[in-house]
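A.B. asks: Sending over a structure as structure tokens; questions will come in a sec.
Number of protein chains: 2
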Amino acid sequence: MTHPHPLDPIFFPRGVAVVGASRGSGGARGPGGWLQSLKDAGQPNIYPVNPRADEIDGLPAYARLTDIPGPVDHVISAIPAAYVLDMLEDASAKGVRSIHLFTAGFAETGIADRLELQHQLKSRANELGIRLIGPNCMGLYVPDGKVSFTQQLPTDSGPVAFFSQSGTNASDAAYNGALRGLRFSKVVSFGNAIDVSAAELLDYAEHDPNTDIIGAYIEGMPDARDFFRSLRSAARTKPVGLLKGGLLPSGGRATQSHTASLAGSGQIWAAAARQTNAVLVHNMQEMVDLLVGWRFGAVPAGPRIGLVVGGGGISVQGADDVEREGLQLPPLADHTLQRLADVTPVAGTGIRNPVDTMSLWDGERIRPTIQAVAEDPAIDAIIVQTGMNWGVGFFGDDQIENRRRMIAEIAEARERHGMAISMVVPINFNHRHGDSNAQLARMISDAGLPLYYNIRDAARAMKRLLTWNTRRTERAQP
Amino acid sequence: MTHPHPLDPIFFPRGVAVVGASRGSGGARGPGGWLQSLKDAGQPNIYPVNPRADEIDGLPAYARLTDIPGPVDHVISAIPAAYVLDMLEDASAKGVRSIHLFTAGFAETGIADRLELQHQLKSRANELGIRLIGPNCMGLYVPDGKVSFTQQLPTDSGPVAFFSQSGTNASDAAYNGALRGLRFSKVVSFGNAIDVSAAELLDYAEHDPNTDIIGAYIEGMPDARDFFRSLRSAARTKPVGLLKGGLLPSGGRATQSHTASLAGSGQIWAAAARQTNAVLVHNMQEMVDLLVGWRFGAVPAGPRIGLVVGGGGISVQGADDVEREGLQLPPLADHTLQRLADVTPVAGTGIRNPVDTMSLWDGERIRPTIQAVAEDPAIDAIIVQTGMNWGVGFFGDDQIENRRRMIAEIAEARERHGMAISMVVPINFNHRHGDSNAQLARMISDAGLPLYYNIRDAARAMKRLLTWNTRRTERAQP
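Listed in order, the protein sequences are those of chains A and B.
Numbered per my numbering, the first sequence spans residues 59 to 536.
Numbered per my numbering, the second sequence spans residues 59 to 536.
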């Protein structure tokens, strides 16, 4: 470990104990099955703790933390809240450095005794020098540290850090991001945040050499000043996307039930985002859209979009969508139209931007099509909408090969022209083309292109990335 | 046929010829393969026409229409535009009543000669008494008439009619609607609309005893007065959803390339929708959301929503989403909270609306949970968010059985309380839970419950249905 931040030991434990692990369902009551999740992550030192078992899912089980032979840096607590204080003493005796409390039932219940228990837990952990993650959360997914809060996530890491007060949102970012090519340095679900806080995690990510892009889902924080200080500092050096839960009245009521957070008003958060140049989104899909845009080069040089699609109805709606999101679709130059006409069949197409062209499904013609649009002086960035639900029957059965060639040509065009290009593949499950669209989506992600599920989402992300980049450039000026 | 409308023969042909059918790819150059689509639809009398083949895909082929032995009411034209006028004469000699012109390359190209060809075609067809669908379109999907424009669509019919100037949008409605339980009386893709028009199709749907719900995607029309007259009349007796393409400048440019339509302004269309009580949507997903809402009883009695979810992060975002769409989430009554507390574990839950409860994954507790919310005097309608991506490991491996019971309980609660209930299952493809979510979606649709892919979409549809219903009720008053 070259990185000296105080949180580092949490992310790279020498051994992990699961207190409250039980037989079946992957070895724990937790949603993913903690033991299986840790096995999937490649963790070599997993210790189930359960006084009523000798062995769980093929691993030796121990009655108490202090019975474990090897070093245990990190504990996952899956026992009821009432037993946590006792376990904390054992953890201290064992030399544990951090406890992730999957255990819920503290301040978020709104019950006075439970709030008091949370206070005691925090104060005692502080005395013992043990860091707490949570309570009421899913904890850690750190591929390089070989820990994971759920199963079947990628074991390779990448430059994105994501911090979330919600376990569902942390899991959404990891799974749905993974499909679209995102890999993570750290994903932390930190629930009620009584110790390890959003401010501290942002500070960590800012200084983490393995993190280039930061996302966070926040419900509230005890010390807003701390948080905004960390946010301002982190957003100065790295892109930061922010989803704030509970901006509206009943959402705010929900944050209290969820993580005992007071939510704060929408105006304050919008102003904070403007001042810090953090990018505010409305939901987790927009969050992943944004992270994908940063990761795979969807930051446009300006607002003028060339829209390349296959299908007339899509071209019309897509054009409306791009403009509705605050971007422009300028008419193409005569010279460009001439170049496009040379490679576009006259029937059933349109080339005046949107470019609705069958070239999308033709390995030969996609290159001159993209090239003509990219070289038009009025175009700053390109959105390409494609899919597997058309063209079947036009070009024989080698559809996948055609798409592979299309993707390679587009990836190459992006390098050649240094232009942001976002790809759109419709998502439909249980649809006739669902499987092949999933395959196409993987091919696009593997090629390092940013993938979106519809034109509007792609345009919305580009608009946000443009605003972010413009502010950043203005600030960088003397 | 009991229905006497002049368009009827188009929808129920005694035989269908595909002019320009060719070998391979399902027998035609068309996207779906016309021959295969007709076979899938169960059409008993399919006649490929191609002067260079004796047999195509197992069917005897004919050199000309006039060589076909049996009656041919309907022709699908898949030949280039230049040959269509000659084919028209043959069709007349054969007694054909309607021609669907998949053939494109007319006015939408913006080329003067092509526009002239379109005029000639229309005028000659009028003289011969042959109705034209298109040109530049996908034509018909009519399960009861045994015709289909693409493959693997349901062969059973239902009460929804959908008319679209875009083939992609017609196909989207059919496929994506089918997944969510929609079945169709007629889907018509009618492209440039030089003969059979949106006005005439609306008129047909209004009087069609097999149609209860109407959707339309419109780009433009030659006679707006006709259209609005039909729209006003149809929307008085049946719910009508309307998607208008090309409302913004570049989308308007795209409608010209697509179907040679002049788009008209957004204000005019918004006013027309208000006056007629047709419901305007922004894209095809919102269209299907709306049709599903009408079909499966998602019209709320008022704006006050009970939101039942599984997961804290979802509960917070979902609450924000419901309010953002203009609906309300009132706090529940003390009495309701007591009832919910009796069946909800205290840890990791919230019951103050949103109701974030693990009861969703427990066959025993879902009934009292839904019942308590439905009987709260402050609640007009319910949105339930669920999925397969949680609860694994909590309740053993019988997840599907648990969900089946949950769905049955919810469907029953809906009947008992006469309350609109919308279901939400997240859509994610190639995700760990994609397949099981698809299975869950099917189970929900099979139970006759309205299915949405996220809380915001469900709320948006409910808000539109509420506005529609309020206007309708006001108008019905003396």
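C-beta atoms are modelled at their ideal positions from N, C-alpha and C, and glycine is treated no differently.
Nothing here was measured: the structure is a model prediction, and the numbers come from that model.
Does DSSP put aspartate 125 of chain B in a helix, in a strand, or in coil?
C.D. replies: helix
A.B. asks: Counting only Cβ pairs nearer than 8 Å, list the residues of chain B close to alanine 111 of chain A.
C.D. replies: Those within 8 Å of alanine 111 of chain A in chain B number zero; the least Cβ separation is about 17 Å.
A.B. asks: Determine the contact status of alanine 430 of chain B and leucine 398 of chain B, defining contact as a CB-CB distance below 9 Å.
C.D. replies: yes
A.B. asks: Could you give the first and the last residue of the continuous beta strand (DSSP E) run that contains leucine 159 of chain A?
C.D. replies: 156-159
A.B. asks: Checking contacts by CB at 9 Å: is glutamine 176 of chain B closer than that to chain A?
C.D. replies: no
A.B. asks: What residue range is occupied by the uninterrupted beta strand (DSSP E) comprising proline 106 of chain B?
C.D. replies: Per DSSP, the unbroken beta strand (DSSP E) holding proline 106 of chain B starts and ends at 104-107.
A.B. asks: Among B:Ala139, B:Ala136, B:Pro138 and B:Ala151, which residue has its Cα nearest to the Cα of proline 127 of chain B?
C.D. replies: Selected option, being the one with the closest Cα: B:Ala151.
A.B. asks: With 7 Å as the C-beta to C-beta threshold (strictly closer), list the residues of the region 282-305 of chain A near chain B in chain order.
C.D. replies: Cβ contacts with chain B: Gly303, Gly304 and Leu305.
A.B. asks: Excluding sequence positions up to five away, which residues of its chain have a Cβ less than 8 Å from the Cβ of isoleucine 363 of chain A?
C.D. replies: Same-chain partners within the cutoff: Val380, Leu385, Gln386, Leu387, Ile437, Asp438, Ala439, Ile440, Ile441, Ala517 and Met520.
A.B. asks: Chain B partners of glutamine 429 of chain A, CB-CB under 8 Å?
C.D. replies: Those within 8 Å of glutamine 429 of chain A in chain B number zero; the least Cβ separation is about 21 Å.
A.B. asks: Does any residue of chain B bring its CB to less than 9 Å from the CB of methionine 342 of chain A?
C.D. replies: yes
A.B. asks: Do you know whose CA, among B:Val401, B:Val413, B:Met481 and B:Pro193, lies nearest isoleucine 423 of chain B's CA?
C.D. replies: Sequence inspection shows arginine at residue 423 of chain B; the isoleucine mentioned does not correspond to that position. The shortest C-alpha separation from arginine 423 of chain B is found at B:Val401.
A.B. asks: Please go through the region 382-433 of chain B and give each complete alpha helix (DSSP H) segment of 4 or more residues, from N-terminal end onward.
C.D. replies: 392-401 and 424-432
A.B. asks: In the DSSP assignment, find the beta strand (DSSP E) that holds glutamine 443 of chain B and state where it starts and stops.
C.D. replies: 439-443
A.B. asks: Could you name the residues of chain A that isoleucine 479 of chain B contacts, counting a contact when the two beta carbons are closer than 8 Å?
C.D. replies: Going along chain A, no residue has its Cβ under 8 Å from isoleucine 479 of chain B, so there is no contact; the nearest lies around 19 Å.
A.B. asks: Taking only the alpha-carbon atoms, compute the straight-line gap between glycine 153 of chain A and isoleucine 252 of chain A and give it to the nearest angstrom.
C.D. replies: 21 Å
A.B. asks: If we call anything under 9 Å between Cβ atoms a contact, is glycine 168 of chain B one with asparagine 194 of chain B?
C.D. replies: no
A.B. asks: Histidine 316 of chain B touches chain A at which residues, Cβ-Cβ below 8 Å?
C.D. replies: Proximity of chain A to histidine 316 of chain B at the Cβ level (cut-off 8 Å) is accounted for by Gly370, Gly371, Ser373, Val374, Gly408 and Asp414, in chain order.
A.B. asks: Is glutamine 223 of chain A close to chain B? Criterion is C-beta to C-beta, closer than 9 Å.
C.D. replies: yes
A.B. asks: Let's test the definition: count the other Cβ atoms within 10 Å of the Cβ of asparagine 512 of chain B and tell me whether it reaches 16, buried, or not, exposed.
C.D. replies: buried
A.B. asks: Alpha carbon to alpha carbon, how far is arginine 189 of chain A from arginine 461 of chain B? Give it in angstroms, no decimals.
C.D. replies: 38 Å
A.B. asks: Pull up the CB-CB distance for serine 95 of chain B and phenylalanine 207 of chain B, whole angstroms please, since I reckon it's below 8 Å.
C.D. replies: 6 Å
A.B. asks: Could you have a look at lysine 556 of chain A and say whether DSSP puts it in helix, strand or coil?
C.D. replies: With chain A represented from 59 up to 536, any question about residue 556 of chain A goes unanswered, as that position is not in the structure.
A.B. asks: One question on the structure: do leucine 143 of chain A and arginine 172 of chain A come within less than 9 Å of each other, judged by their Cβ atoms?
C.D. replies: no
A.B. asks: Quick check on the DSSP output: what are the complete beta strand (DSSP E) runs of length 3 or more inside the region 214-254 of chain B, in order along the chain?
C.D. replies: 218-222 and 242-247
A.B. asks: According to DSSP, which residues form a beta bridge with proline 280 of chain B?
C.D. replies: Note: proline 280 of chain B sits in no beta bridge, so no partner.
A.B. asks: Taking the alpha helix (DSSP H) that serine 135 of chain B falls in, what are its first and last residues?
C.D. replies: Careful: serine 135 of chain B lies outside any alpha helix (DSSP H), inside the beta strand (DSSP E) at 132-135.
A.B. asks: Comparing C-alpha positions only, which one of A:Gln375, A:Gly360, A:Gly304 and A:Ala292 sits nearest to valine 337 of chain A?
C.D. replies: Closest in alpha carbon position to valine 337 of chain A, among A:Gln375, A:Gly360, A:Gly304 and A:Ala292, is A:Ala292.
A.B. asks: What number of angstroms, rounded off, separates the C-alpha of threonine 226 of chain A from the C-alpha of alanine 136 of chain A?
C.D. replies: 17 Å
A.B. asks: Could you round the C-beta distance between serine 243 of chain A and threonine 269 of chain A to whole angstroms and report it? I think they count as a contact, below 8 Å.
C.D. replies: Right, their Cβ atoms sit about 5 Å apart.
A.B. asks: Check this for me: beta carbons of valine 254 of chain A and tyrosine 199 of chain A, under 9 Å apart or not?
C.D. replies: no
A.B. asks: With DSSP collapsed to three states, give me the class of alanine 505 of chain B.
C.D. replies: coil
A.B. asks: Look up valine 450 of chain B in the DSSP assignment and say whether it is helix, strand or coil.
C.D. replies: Because valine 450 of chain B carries a pLDDT of 40, less than 50, the predicted location of this residue cannot be relied on, and the following value inherits that uncertainty. Of the three classes helix, strand and coil, the one that applies to valine 450 of chain B here is coil, per DSSP.
A.B. asks: Using a Cβ cut-off of 9 Å, pull out every chain B residue sitting near glutamate 277 of chain A, in sequence order please.
C.D. replies: Gly370, Gly371 and Val374
A.B. asks: Is DSSP giving proline 64 of chain B helix, strand or coil here?
C.D. replies: coil
A.B. asks: Is the CB of threonine 444 of chain A under 9 Å away from at least one CB in chain B?
C.D. replies: Not closer than 9 Å to any Cβ of chain B, the Cβ of threonine 444 of chain A fails to qualify, so no.
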